[in-house]
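> Quick one: this structure, given as structure tokens, is what I'll be asking you about.
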Amino acid sequence: MKKIGLLTLALVGVQAAKGQSIAAGTISLGGNIGYSRTANKQSATYNQRSGGGNYSYSSESTTSQFNLALAGGYFVADNLALGLSVAYNAASTTYKNTSSTSPQPINLPDLSPNTNTRVGAFGQYYKMFGEQFGLVGTLGAGYQHTKNNAYDNGGSGAPVAVSYVGNGYYADLTPGIVFFPIPKLGISASIGSLGFSHLSFDQPEYPNSNVTKPSSYENTLSTFGANFGLNQLQFGGTYYFGR
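For what it's worth, our numbering labels the leading residue of the sequence shown as 69, then goes sequentially.
Quick look at the structure:
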């Protein structure tokens with residue numbers, strides 16, 4: 069009887085393990101959303117020569133960032149999906165400067181948000197540890213377009229708004245967790261990724277300014293690294309058709 073009981077438990081365990089996979093032929097449709105806010109404060113005091121006394125300066129900047137991504141995939145094998153994705157990121161920054169020569173805060177006009185749009189393909193693998201909980205890894209790559217807005221002296225010494233537009237490609241690996249409150253709906257969370265990005269920027273634009281553009285210009289940006297933390301926290305929801 070004891071052996072029969074153990075055999076029964078083993079069979080039940082095998083059936084449970086089979087039920088923990090996402091079957092080939094399943095279609096997934098979902099996305100994620102994220103938000104973060106960063107505040108930066110700086111202050112400095114300088115000793116001026118020739119009895120000029122001290123000069124103090126302080127600046128404050130606040131950056132708000134919003135992320136939105138949509139993805140659709142098809143499970144070509146159990147727990148393995150291939151698909152397409154589109155992602156949009158927007159970050160806006162406000163500035164405030166104060167100095168001893170100008171005690172009233174100098175509020176520079178708010179710039180348009182910095183934006184980044186990505187369109188690409190992805191592969192996704194699930195490792196389930198039960199009917200409701202598992203780990204998921206996503207490897208993605210594709211095309212990206214970005215527009216950054218900042219202040220520059222424009223060669224004149226006074227701050228002027230400038231825009232940098234770039235195009236390039238990216239690749240990233242994002243680990244995460246997934247929870248299924250019901251079989252067809254998964255809720256995921258991640259706190260960053262390991263990624264590579266390359267951008268080539270066009271000649272800068274100076275809107276609402278008579279600043280002379282440079283006669284020649286070259287600007288490329290390549291980044292590689294791991295970026296993890298609570299400021300990278302993103303939540304997502306995915307619906308699984310046919311599960």
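Just so you know, even glycine gets a beta-carbon here, dropped at the ideal spot from N, CA and C.
Should Leu298 be labelled buried (16 or more other beta-carbon atoms within 10 Å of its own) or exposed?
Taking the sequence shown and counting its residues from 1, one reaches residue 298 at position 230. Leu298 is exposed by the Cβ-count criterion.
> Among the candidates Thr185, Pro227, Val187, Val204, whose CA atom is the shortest distance from the CA of Tyr194?
Translated into positions along the sequence shown, residue 194 becomes position 126. It is Val204 whose Cα lies nearest to the Cα of Tyr194.
> Considering only their Cβ atoms, is the gap separating Leu97 from Thr306 smaller than 8 angstroms?
Residue numbering aside, residue 306 sits at position 238 when the sequence shown is read from its first letter. Residue numbering aside, residue 97 sits at position 29 when the sequence shown is read from its first letter. Yes, these two residues count as a Cβ contact at 8 angstroms.
> Measure the beta-carbon distance from Arg186 to Tyr238 and round it to whole angstroms, keeping in mind my assumption that it falls under 8 angstroms.
Along the sequence shown, read from residue 1 onward, the residue named residue 186 stands at position 118. Along the sequence shown, read from residue 1 onward, the residue named residue 238 stands at position 170. The pair is a contact, with the Cβ atoms about 6 angstroms apart (cut-off 8 angstroms).
> Sorted by chain position, which residues of the same chain lie with C-beta nearer than 6 angstroms to Ser258's C-beta, five sequence neighbours on each side aside?
Here residue 258 refers to the residue found at position 190 of the sequence shown. Excluding residues within five positions, the ones whose Cβ falls inside 6 angstroms are Thr242, Gly244, Gln302.
> Assign Ile90 to buried or exposed, taking buried as 16 or more other Cβ atoms, counted over all protein chains shown, within 10 Å of its Cβ.
In the sequence shown, the residue the question calls residue 90 occupies position 22. Ile90 is buried by the Cβ-count criterion.
> With distances taken Cα to Cα, identify the nearest neighbour of Ser104 among Ala158, Ala145, Ser153.
Residue 104 sits at position 36 when you count from the first residue of the sequence shown. The option with the nearest alpha carbon to Ser104 is Ala158.
> Taking 8 angstroms as the threshold (C-beta atoms), are Ser153 and Leu138 in contact?
Walking along the sequence shown from the start, residue 138 turns up at place 70. Walking along the sequence shown from the start, residue 153 turns up at place 85. Yes, they are a contact pair.
> Which word fits Gly293, buried or exposed, when buried means at least 16 other C-beta atoms lie within 10 angstroms of its C-beta?
As a working note, residue 293 is residue 225 in the sequence shown. Counting Cβ neighbours within 10 Å, Gly293 comes out exposed, since fewer than 16 surround it.
> Please classify Val246: is it buried, with 16 or more other beta-carbons within 10 angstroms of its beta-carbon, or exposed?
Sequence index remark: in the sequence shown, residue 246 carries index 178 (1-based). Burial call: buried.
> Are there 16 or more other CB atoms within 10 angstroms of the CB of Phe309, so buried, or fewer, so exposed?
By 1-based counting over the sequence shown, the position of residue 309 is 241. Phe309 comes out exposed.
> Got a sec, what are the start and stop residues for the beta strand (DSSP E) Tyr274 sits in?
Stepping through the sequence shown from its first residue, residue 274 is reached at position 206. Looking at the DSSP string, Tyr274 is not in any beta strand (DSSP E), and its letter there is neither H nor E.
> Sorted by chain position, which residues of the same chain lie with C-beta nearer than 8 angstroms to Ala145's C-beta, five sequence neighbours on each side aside?
Position 77 of the sequence shown, counted from the start, is the residue given in the question as residue 145. Counting only Cβ-Cβ distances below 8 angstroms, and skipping sequence neighbours, we find Ala92.
> Count the other CB atoms, across all protein chains shown, that sit within 10 Å of the CB of Ala57; report buried if there are 16 or more and exposed otherwise.
In the structure as shown, the chain starts at 69 and stops at 311, and residue 57 therefore has no counterpart that could be examined.
> Less than 8 angstroms between the C-beta atoms of Thr166 and Lys215, yes or no?
One-based indexing of the sequence shown puts residue 166 at position 98. One-based indexing of the sequence shown puts residue 215 at position 147. It is not a contact, given that the beta carbons lie outside the stated cut-off.
> Which two residues bound the contiguous beta strand (DSSP E) that contains Asp240?
Working through the sequence shown from its first residue, we reach residue 240 at position 172. Here the beta strand (DSSP E) through Asp240 covers 228-250.
> Less than 8 angstroms between the CB atoms is what I'm expecting for Asp220 and Val230, so what's the real figure, rounded?
For this step, residue 220 is matched to residue 152 along the sequence shown. For this step, residue 230 is matched to residue 162 along the sequence shown. 4 angstroms between Cβ atoms; contact.
> Please find out if some non-hydrogen atom of the ligand FMN comes closer than 7 angstroms to the beta-carbon of Ala189.
With respect to the ligand FMN, the structure shown offers nothing to examine, as it has no ligands at all.
> Helix, strand or coil for Asn299? Go by DSSP, reduced to three states.
The sequence position of residue 299 within the sequence shown is 231, counting from 1. Residue state, collapsed to three classes: helix.
> What did DSSP end up calling Phe292 once you bin it into helix, strand or coil?
Translated into the one-based positions of the sequence shown, residue 292 becomes position 224. Note: Phe292 maps to strand in three-state DSSP.
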